[in-house]
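Residue numbers for the sequence shown follow the working numbering, beginning at 17 and rising by one.
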Amino acid sequence: MPPKPKDSPTKGETTRLAVEDAAIELFMEQGYHATSMRQIAERAGLALGGFYNHFASKDELFEAIIVDKHPYKRVLPLVMETPGETAEDFLRNAFKITVTELGKNPIYMKLMMIEMVEFNGRHGAIMMKEIAPKVLPIFEQMLKVRKGLRINNPALILRSFFGMIISYFITEMVTANSVISKLMPKDAADVYIDMYLHGVLKPVE
């Protein structure tokens, strides 16, 4: 039998990911609190004891999902290649890439809603410990090479950018199929990033 490639997941890793995928399906179907560990194990094709071989609790499982399924792993390489001579060009392009990629799989934003409502965001520090070392340098580099920014704190820019992305998707969900959505312009995403960059007030002449 030929040896497995080095990057092939182990049997344990494959099972762990299967448990995470089963949990996500159930959380989307019936909510976090209505989902039991036994249901997750059964959906993943495991005995309950098999679940505990990978996660000590449902809370620990949810924490792992928030980190493992974070879209930065897919979005970050694309953002790193984002063109743009100015900070505005870079942020516009990064926004469009992020919105497009998240729009392909909206499950993560729904998981974040569970995180905020059910857990009051307490897994945020764990998530940022994973993400910040990889994402923050991009914003630090932007401050060094791109002109036109009023703010010189990369952590604050990162926080505001994340906040803008989250608010965009939350308001998309809230206003979907409503009279508000029918009043939105076709270029609503472009206008949204424009308001983030320049505000809603006209410059004083």
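All C-beta atoms in this analysis are idealised placements derived from N, C-alpha and C, irrespective of residue type, glycine included.
#1: Is the beta carbon of M96 sitting closer than 8 Å to the one on I142?
#2: Quick one: grab the DSSP three-state call for A34.
#3: On the criterion of 16 or more Cβ atoms from any shown chain inside 10 Å, does Y68 qualify as buried, or is it exposed?
#4: Using three-state DSSP, classify S294 as helix, strand or coil.
#5: Within the chosen definition, does the region 113-132 reach the region 190-198 through at least 3 CB pairs nearer than 8 Å?
#6: If you follow the alpha helix (DSSP H) that K89 is part of, which residue opens it and which one closes it?
#7: From P93 to A110, what does the alpha carbon distance come to, in whole angstroms?
#8: Just to confirm, is the Cβ distance from F114 to I181 under 8 Å?
#9: Between which two residues does the alpha helix (DSSP H) holding R54 run?
#10: Look up P219 in the DSSP assignment and say whether it is helix, strand or coil.
#11: Would you say I81 and E36 are within 8 Å of each other, going by their C-beta atoms?
#12: In terms of alpha-carbon separation, which member of N169, H139, L127 and A38 lies closest to E76?
#13: Alpha carbon to alpha carbon, what distance is there between M144 and V91?
#14: Quick one: Cα of I209 to Cα of S183, how far?
#15: Please classify A39 as buried or exposed, where buried requires at least 16 neighbouring CB atoms within 10 angstroms.
#16: Excluding sequence positions up to five away, which residues of its chain have a Cβ less than 7 Å from the Cβ of L165?
#17: Cα separation between K27 and M211?
#18: Excluding the 5 residues flanking F106 on each side, which residues of the same chain have their C-beta closer than 7 Å to its C-beta?
In short:
#1: no
#2: In the displayed model, A34 falls within a helix according to three-state DSSP.
#3: exposed
#4: Look at the range of the chain in this structure, 17 to 221, and you will see that residue 294 is not part of it.
#5: no
#6: Y88 to M96
#7: One Cα belongs to P93, the other to A110, and the distance between them is close to 11 Å.
#8: Per the sequence shown, residue 114 should be read as Thr rather than Phe. Against a cut-off of 8 Å, the Cβ pair of I181 and T114 comes out as a contact.
#9: M53 to R59
#10: coil
#11: A contact, by the Cβ cut-off of 8 Å.
#12: H139
#13: 15 Å
#14: 11 Å
#15: By the neighbour-count rule (16 or more Cβ atoms within 10 Å), A39 is buried.
#16: A103 and L159
#17: Using only the alpha carbons, I get a separation of about 48 Å.
#18: T98, G100, M158 and R162
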